[in-house]
């Protein structure tokens with residue numbers, strides 16, 4: 026099975042570097058974006074499996090990205106919101122917009138990695154299922 | 014209206030009191046926002062520092078020497094950022110307490126070059142900073158720590174608000190009646206309506222620019238005034254901003 030692709034989206038270069046390196050240590054392939062518009066470009070171009078998405082970013086924020094992702098059923102990315110917005114309202118909004126996980130900053134690295142592993146397992150299981158369905162559809166033709 | 018004068022005095026006193034209450038309410042609200050901003054601003058450097066140390070611990074042996082060094086640099090820079098942020102808060106507290114400043118001859122051009130180099134190193138050289146001095150050694154009489162903070166806050170602001178790759182211009186000049194310090198950027202500029210408020214405490218033009226407590230320019234103005242100087246901002250939306258600080262010449266020395 027090919028490596029899982031993780032897109033790290035944060036406008037803060039230090040946090041991007043930190044997350045990217047740790048995703049690589051986990052054995053994932055990584056991509057980077059520093060604002061929401063870059064996230065959507067990257068989704069369109071590279072089709073990542075998981076997005077670690079900051080909310081407060083310039084140009085286009087995380088909420089707008091979530092809305093755009095939700096509007097297109099072809100996008101199957103798992104989204105883990107990683108944000109300094111810690112209020113219940115923000116977390117609820119995240120879930121409502123379809124986030125798979127919500128992690129608040131400052132985050133504990135081990136806890137974040139644990140959540141990413143869980144989401145990665147779900148992502149792989151789902152793409153495996155989709156592949157099996159596609160094969161059986163082909164066989165029924 | 015009966016006995017007009019007495020009543021209008023009373024009305025005036027009431028109006029004054031209402032204005033004062035509104036002022037205090039506004040300050041209280043700003044202080045609350047400030048506490049929220051402080052805790053938010055501290056999150057990034059703290060997360061990065063702890064995260065970098067943990068990353069080195071879990072993955073250091075799989076990394077190249079350069080990669081390890083990049084994480085050590087991250088810890089250093091984020092620590093410095095934390096220091097700058099807390100220093101701002103401490104200066105604000107000192108200003109409120111009315112601490113007595115030191116006075117000595119400070120070379121403004123050399124100071125500006127030093128500060129610019131430090132700030133650029135901390136950000137990874139995203140911009141260019143040009144320092145020009147006329148004549149070559151322009152000095153002023155002041156508190157070296159305060160002067161450094163004035164220059165540092167102005168240049169940091171300029172870097173924060175101007176596009177990557179652009180040039181921030183710092184000029185110092187020895188004029189007949191005053192010493193001039195100018196910091197000019199190619200940022201988005203400031204609306205005429207907002208330009209009056211930028212030196213107020215807890216004011217931030219664009220919090221999404223990341224960084225800061227809305228204290229920087231307030232501290233600059235207070236420190237400049239402590240040096241009996243003045244500061245003004247000249248700006249037009251879309252055409253950048255120039256901050257101009259004027260320090261009086263040191264006539265006091267001759268009077269002694």
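Protein chains in written order, with the numbering used here: chain V, 26 to 166; chain R, 14 to 269. We put the CB at the ideal spot given by N, CA and C, even for glycine.
### Query
Any contact of the region 40 to 56 of chain V with the region 92 to 103 of chain V, i.e. 3+ C-beta pairs under 8 angstroms?
no
### Message
If I follow the unbroken beta strand (DSSP E) through residue 245 of chain R, where does it start and stop?
### Response
243 to 248
### Query
Do residue 198 of chain R and residue 165 of chain R have their CB atoms nearer than 7 angstroms?
no
### Query
Hey, how far is the Cα of residue 119 of chain R from the Cα of residue 110 of chain R?
25 angstroms
### Query
What separation, rounded to the nearest whole angstrom, lies between the Cα atoms of residue 46 of chain V and residue 140 of chain V?
16 angstroms
### Query
Where does residue 262 of chain R sit, in a helix, a strand or coil, going by DSSP?
coil
### Message
Along the chain, where does the alpha helix (DSSP H) containing residue 71 of chain V start, and where does it finish?
### Response
61 to 71
### Query
Terminal residues of the continuous beta strand (DSSP E) containing residue 129 of chain V?
126 to 129
### Task
Check residue 268 of chain R in the structure and name its three-state DSSP category.
Reliability of the predicted coordinates at residue 268 of chain R is poor, the pLDDT of 44 falling under 50, and the value obtained from them is presented with this limitation in mind. Of the three classes helix, strand and coil, the one that applies to residue 268 of chain R here is helix, per DSSP.
### Query
Can you tell me the Cα-Cα spacing of residue 206 of chain R and residue 250 of chain R, whole angstroms?
11 angstroms
### Message
Quick check: is any heavy atom of the ligand GDP less than 6 angstroms from the C-beta of residue 156 of chain R?
### Response
The model depicted lacks the ligand GDP and carries no ligand whatsoever.
### Task
Could you have a look at residue 68 of chain R and say whether DSSP puts it in helix, strand or coil?
helix
### Query
Listing by chain order, which chain R residues have their CB less than 9 angstroms from the CB of residue 34 of chain V?
Under the 9 angstroms cutoff, chain R gives no residues; its nearest Cβ is about 15 angstroms from residue 34 of chain V.
### Task
Might you give, ordered along the chain, the residues of its own chain that have their beta carbon closer than 6 angstroms to the beta carbon of residue 256 of chain R, omitting 5 neighbours on each side?
167, 196 and 246
#### Entry: Within-7 angstroms CB hit, residue 99 of chain R to chain V
no
### Task
Check whether the Cβ of residue 130 of chain V lies closer than 7 angstroms to any Cβ atom in chain R.
yes
#### Entry: residue 154 of chain R - partner residues in DSSP beta bridges
R:118
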